[in-house]
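Residues in the sequence shown are numbered consecutively from 0, following numbering that gives the first Met the number 0.
Here the structure comes first, spelled out in structure tokens, and everything after it is commentary.
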Amino acid sequence: MKKNYIFYTLIFLFSLSINSQVVLGDGDIVNTGLPIEAYYGYSYSQSIYNSDQINASGPITGISYTATTSTTLATSGQWVVYVGLTEKEIFENTSDWIPISELTQVYAATAESPTTISEEGVVTITFDASFEYDGSSNLVIAVEENQDGYDSSSDDFYSSEANQIASIFYYSDAVNPDPTNPPTGNITQRYPNVVLEGITQDCPNPTGFSLDDFTATSATISWEGGSAEAFEYAYSDTEPEGAGESTTSSTVTIDNLSSETTEHTVWVRAVCGDITSSWISYTFSNLCAQPVFNYWEMTQNSAIFNGVNIEGVSGYQIEYSTEMFEPGDGTATVYEFYEFPNELTGLEMATTYYFTNRTVCSEGFYSDWADGGNDGPDAWTTQGLTCEPSANCSVGDGFASLVFGDIDNSDSGCSNNGFGNFTDLSTDLAQGDTYDVTMTTGYGNQYVRAWIDFNDDYEYTSDELVLDNYIIGEGSSSGTFTETTQFSIPSDATLGSHFIRFKSNWNAAVPDDACEATTYGEIEEYTVNIVESLGISDENILNLRIFPNPVDGDIVKISTPISGDKFVEVFDINGREVLSTTIFNDNLNISSLEAGFYLTKVTISGKTTVTKLIIN
Numbered sequence: 000m001k002k003n004y005i006f007y008t009l010i011f012l013f014s015l016s017i018n019s020q021v022v023l024g025d026g027d028i029v030n031t032g033l034p035i036e037a038y039y040g041y042s043y044s045q046s047i048y049n050s051d052q053i054n055a056s057g058p059i060t061g062i063s064y065t066a067t068t069s070t071t072l073a074t075s076g077q078w079v080v081y082v083g084l085t086e087k088e089i090f091e092n093t094s095d096w097i098p099i100s101e102l103t104q105v106y107a108a109t110a111e112s113p114t115t116i117s118e119e120g121v122v123t124i125t126f127d128a129s130f131e132y133d134g135s136s137n138l139v140i141a142v143e144e145n146q147d148g149y150d151s152s153s154d155d156f157y158s159s160e161a162n163q164i165a166s167i168f169y170y171s172d173a174v175n176p177d178p179t180n181p182p183t184g185n186i187t188q189r190y191p192n193v194v195l196e197g198i199t200q201d202c203p204n205p206t207g208f209s210l211d212d213f214t215a216t217s218a219t220i221s222w223e224g225g226s227a228e229a230f231e232y233a234y235s236d237t238e239p240e241g242a243g244e245s246t247t248s249s250t251v252t253i254d255n256l257s258s259e260t261t262e263h264t265v266w267v268r269a270v271c272g273d274i275t276s277s278w279i280s281y282t283f284s285n286l287c288a289q290p291v292f293n294y295w296e297m298t299q300n301s302a303i304f305n306g307v308n309i310e311g312v313s314g315y316q317i318e319y320s321t322e323m324f325e326p327g328d329g330t331a332t333v334y335e336f337y338e339f340p341n342e343l344t345g346l347e348m349a350t351t352y353y354f355t356n357r358t359v360c361s362e363g364f365y366s367d368w369a370d371g372g373n374d375g376p377d378a379w380t381t382q383g384l385t386c387e388p389s390a391n392c393s394v395g396d397g398f399a400s401l402v403f404g405d406i407d408n409s410d411s412g413c414s415n416n417g418f419g420n421f422t423d424l425s426t427d428l429a430q431g432d433t434y435d436v437t438m439t440t441g442y443g444n445q446y447v448r449a450w451i452d453f454n455d456d457y458e459y460t461s462d463e464l465v466l467d468n469y470i471i472g473e474g475s476s477s478g479t480f481t482e483t484t485q486f487s488i489p490s491d492a493t494l495g496s497h498f499i500r501f502k503s504n505w506n507a508a509v510p511d512d513a514c515e516a517t518t519y520g521e522i523e524e525y526t527v528n529i530v531e532s533l534g535i536s537d538e539n540i541l542n543l544r545i546f547p548n549p550v551d552g553d554i555v556k557i558s559t560p561i562s563g564d565k566f567v568e569v570f571d572i573n574g575r576e577v578l579s580t581t582i583f584n585d586n587l588n589i590s591s592l593e594a595g596f597y598l599t600k601v602t603i604s605g606k607t608t609v610t611k612l613i614i615n
């Protein structure tokens, strides 16, 4: 019988002793619906593990699965587990379920004793009776979850990648699948990582592979080998027919990687005296992958960004210029850094820069320069200031102290030329809310206006006025005066970061023109971040579910029991509306959006819920 072998992934999450267990898969893939899908009410799955992968025979007394440590089974604990022997190697199509008549029920949770998960994220299932594995057939494990209700979209189990269609699964909120007649499901090359308890391998298969270092032509690979005395390995696309290169180490360096491909396979088997384990294949890529940026923000003189720290790379480069350039042509400045998050400083205020980036895998070995899908560097503009009018606060006019929200500038003093740039101080202000502002001046009869630059055009206009000629120490002259008044944020104020300007004038109203110089007074500029009045932690009025979240594709599903058309608005990290549409089903097309963090606002029949959306 033709055998199929497992392609293990690059990164592995745990290493377990296999002296009294058989470990099948230790990949880091999540959110696959395997062995259950906790984010839905009901699920059913079957997965095939081939005999060479198991490499053992005897009684299986239980199994265990590993999930993310945040996973709970609060409403997903009614598991039923079936095990069977099969000659089937793959699932041919989405209806190719193995009949339940060929499986044995080995475990069934009850309402009084549901399946539980440990703090470490491990689900351990002890069989009601051991299952005898013959050592030559492939093994199928099926898991049914029957508890009504759903848990979080982040409740996921770890899976590995196979080189064959290894699993079939189905999940639904409305339909509890019948294992005797399962509905059409989904098929995948993935299978859930599982540990078989009770059964042992005479010569344990190597496991826990990792790519420790690589260049364009070489790679260093490590693994774990249990009680093996030595190992054999081979660099080949197909399983070795004879013995491979011999080593007593569990780490080898392959120096002759083909330059014609970036995907490579190394085979390893354990040697235990006169017997050997199965050949286990490990497929990896030595392509220097481009950086993954999840967040990017421009300040007045810097770019702040975050992304994925890729294992095994030595650093990252950002190439930038105020002029459009050809990546790598030597005309732009190169900034190199070694981990996310990071900040590129020294940029000019209110200036457009062009950026591209690449990964540094090793000396002289780089990824391609990214073009952002725009056939060239991306353009970003640093924040600017509005005009800087002068005033004289040397004799006590202006603000000796200004406090509002989380900003406490209680010892600001008189600013140079009467203009104080305090935009490094910021606070969150919510749409529709009212806030106290406490101001202290060293002279009476000070008129005060305040504007928020909601449209970020670096101009303050009458429709952006939030405080209109409040008078501190009205009718008084010299002396210190501290007063508190209030200003309100419009309910439709633009979300995101904006400048706010406070301007005082002695003995006369502050001019309508925020840029007009005045004789006595002061101007102070701060930063405010306008946020939704309905916080994402507030009540989910629509009982909204948005999934998958994070999302890797072009479609995200928005599900709610409330009927009606869904008006969807998506805002970026700066509060700018980047998508506005009405959908008539659950599918929202996000193909136009870049990777990053977003706020998604969904309105149905006058009811609104706001939630986060993360696009990878």
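Think of the CB as a built atom: it goes at the ideal place given N, C-alpha and C, for glycine as much as any other residue.
Fair warning: this is a prediction, and the values are worked out from it, not measured in the lab.
query                                                                                                               : result
Boundaries of the beta strand (DSSP E) in which I529 is found, first to last residue                                : 520 to 530
Cβ-based neighbour list, N504, same chain, cut-off 6 Å, excluding 5 preceding and 5 following                       : Y446, T517, G520
Buried/exposed call for F304, threshold 16 Cβ in 10 Å                                                               : buried
Alpha helix (DSSP H) segment containing I616, residue limits                                                        : Only positions 0 to 615 of the chain appear in the structure, and residue 616 is not among them; the question remains open.
Top-ranked residue by Cα proximity to P547, from F566, T526, K565, D585                                             : D585
Best match in S217, S249, V270, V251 for proximity to A242 [C-alpha to C-alpha]                                     : V270
Assigned secondary structure, G534 (DSSP; H/G/I helix, E/B strand, else coil)                                       : Confidence at G534 is low in this model, with a pLDDT of 47, below 50, so the placement of that residue is unreliable and no value is reported for it.
One or two residues paired with Q200 in a DSSP bridge                                                               : In DSSP, Q200 forms no bridge with anything.
S284 - DSSP class collapsed to helix/strand/coil                                                                    : strand
Local Cβ density within 10 Å of D150, reported as buried at 16 or more and exposed below that                       : buried
Minimum C-alpha distance to T183 - residue among D95, S226, A218, N588                                              : D95
Contacting residues, own chain, Cβ-Cβ under 6 Å from G57 (five flanking each side not counted)                      : I198
D462 - DSSP class collapsed to helix/strand/coil                                                                    : helix
Residues sharing a beta bridge with Y170, DSSP                                                                      : S42
Bridge partners - W450, DSSP secondary structure assignment                                                         : L464, R500
Nonlocal neighbours in the same chain, by C-beta distance under 8 Å from V29, ignoring five residues either side    : T67, D155, F156, Y157, S158
Runs of beta strand (DSSP E) lying entirely within the stretch 141 to 197, each at least 3 residues, in chain order : 158 to 160, 166 to 171, 185 to 187, 189 to 191, 193 to 196
Boundaries of the beta strand (DSSP E) in which F266 is found, first to last residue                                : Note on residue identity: the sequence assigns Trp, not Phe, to residue 266. Unbroken beta strand (DSSP E) run through W266: 262 to 271.
CA nearest to the CA of I488, picked from H497, F480, T481                                                          : H497
Close-in-space but distant-in-sequence residues of the same chain around T481 (CB under 6 Å, 5 per side omitted)    : T439
Euclidean distance between Cα positions of F421 and G345                                                            : 18 Å
From S69, T71, L138, L578, residue whose alpha carbon lies closest to that of T103                                  : L138
Cβ-based burial, Y38 [other Cβ within 10 Å; buried from 16]                                                         : buried
Pairwise C-alpha distance: V567 and V577                                                                            : 11 Å
At least three beta-carbon pairs within less than 8 Å, the stretch 177 to 192 to the stretch 41 to 57               : yes
Residue range of the beta strand (DSSP E) that includes K611                                                        : 606 to 614
Supposed contact pair P549 and N444 - C-beta distance, whole angstroms, cut 8 Å                                     : N444 to P549, Cβ: 56 Å. No contact.
Reduced DSSP secondary structure (H/G/I, E/B, other) of S117                                                        : coil
Helix, strand or coil at G311 [DSSP, three-state]                                                                   : coil
Cβ contact (3+ pairs, closer than 8 Å) linking the stretch 222 to 229 and the stretch 207 to 214                    : yes
Those residues which DSSP pairs with K600 across a bridge                                                           : E568, V609
Beta carbon of I167 nearer than 8 Å to that of F90                                                                  : yes
Proximity below 8 Å, CB of A449 to CB of R500                                                                       : yes
G83 beta carbon less than 8 Å from that of T125                                                                     : no
Whether Y48 touches L23 by CB criterion (8 Å)                                                                       : yes
Span separating the alpha-carbon of F596 from that of Y434                                                          : 28 Å
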